[in-house]
Amino acid sequence: LKRYRDKTAAYRRSADSVIARTVPLAVVSLAKLLQDQGDVEGAKAAYEQAIDSGHGDAASRAAFSMGRLLQDQGDVEGAKAAYHQAINSGHADAAPRAAYSLGEVLQDQGDVEGAKAAYHQAINSEHAIAAVVAACRLGELLKNQGDVEGAKGAYQRAIEFAHADAAPAKVRNLGRLLVRNIGHLLD
Numbered sequence: 094l095k096r097y098r099d100k101t102a103a104y105r106r107s108a109d110s111v112i113a114r115t116v117p118l119a120v121v122s123l124a125k126l127l128q129d130q131g132d133v134e135g136a137k138a139a140y141e142q143a144i145d146s147g148h149g150d151a152a153s154r155a156a157f158s159m160g161r162l163l164q165d166q167g168d169v170e171g172a173k174a175a176y177h178q179a180i181n182s183g184h185a186d187a188a189p190r191a192a193y194s195l196g197e198v199l200q201d202q203g204d205v206e207g208a209k210a211a212y213h214q215a216i217n218s219e220h221a222i223a224a225v226v227a228a229c230r231l232g233e234l235l236k237n238q239g240d241v242e243g244a245k246g247a248y249q250r251a252i253e254f255a256h257a258d259a260a261p262a263k264v265r266n267l268g269r270l271l272v273r274n275i276g277h278l279l280d
């Protein structure tokens, strides 16, 4: 009988562990579904639930997605706070994407230095997509400020990322597009 209780307790701990690892991720998926269906309040509530779970992967992904949702809703301050939360998580995917998105928000607000810092953070992450996009945005920002050398450097970084062996096809295609469209800056 003791063996049975021990096995039962072990199975329950195992099941609880699996549930604890997967439920927050399911909540993020639910939030995205609700968002796609136009249920903004339901999506916000689900993202908050995932963030509050403390689950490393789900909380950071939810914070990034919440930032995008809030940005789309015009809640810039809420979006910035959510992006900072995702960035501070250090998550390999959500943090660089949040850094790029924060740069975009800051640039739109006229905070050029803040935008540059956020773009550099995304670039320095070497994330396959966020680094390329951030380098392109930084290049445009610098070009518009008249910093042609800085723009060249940023575009060159985007091209380098896009030609990395591990880069997805879309990113490599972006690199080719950049070469065609801004190649004259690099000469």
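Note that the sequence shown covers residues 94 to 280 in our numbering.
Note that CB positions come from ideal geometry on N, CA and C, so glycine has one too.
What three-state label does DSSP hand residue i in the structure shown?
| i | result |
| --- | --- |
| Asp165 | helix |
| Ser194 | helix |
| Glu242 | helix |
| Glu206 | helix |
| Glu219 | coil |
| Gln178 | helix |
| Gln130 | coil |
| His213 | helix |
So is residue i buried or exposed if we call it buried at 16+ other beta carbons inside 10 Å?
| i | result |
| --- | --- |
| Gly160 | buried |
| Glu242 | exposed |
| Glu197 | buried |
| Ala208 | buried |
| Gln46 | The question about residue 46 has no answer, for the chain in this structure spans 94 to 280. |
| Leu126 | exposed |
| Gly232 | buried |
| Gln164 | buried |
| Gln202 | exposed |
| Gln74 | Past the boundaries of the shown model lies residue 74; the chain is included only from 94 to 280, so the question cannot be answered. |
| Gln214 | buried |
| Gln238 | exposed |
| Gln178 | buried |
| Gln130 | exposed |
What residue does the alpha helix (DSSP H) around residue i start on, and which one ends it?
| i | result |
| --- | --- |
| Ala228 | Ala223 to Asn237 |
| Asp145 | Val133 to Asp145 |
| Ala185 | First-last for Ala185: undefined, no H or E at that position. |
Legend entry - Three-pair Cβ contact test at 8 Å for the region 139-154 versus the region 117-129: Yes, the region 139-154 is in contact with the region 117-129.
Inset, instruction - State whether the region 183-195 contacts the region 142-156, with contact taken as three or more CB pairs (one from each stretch) at a distance under 8 Å. - result: Taking a cut-off of 8 Å for Cβ pairs, the region 183-195 and the region 142-156 touch, as three or more such pairs fall below it.
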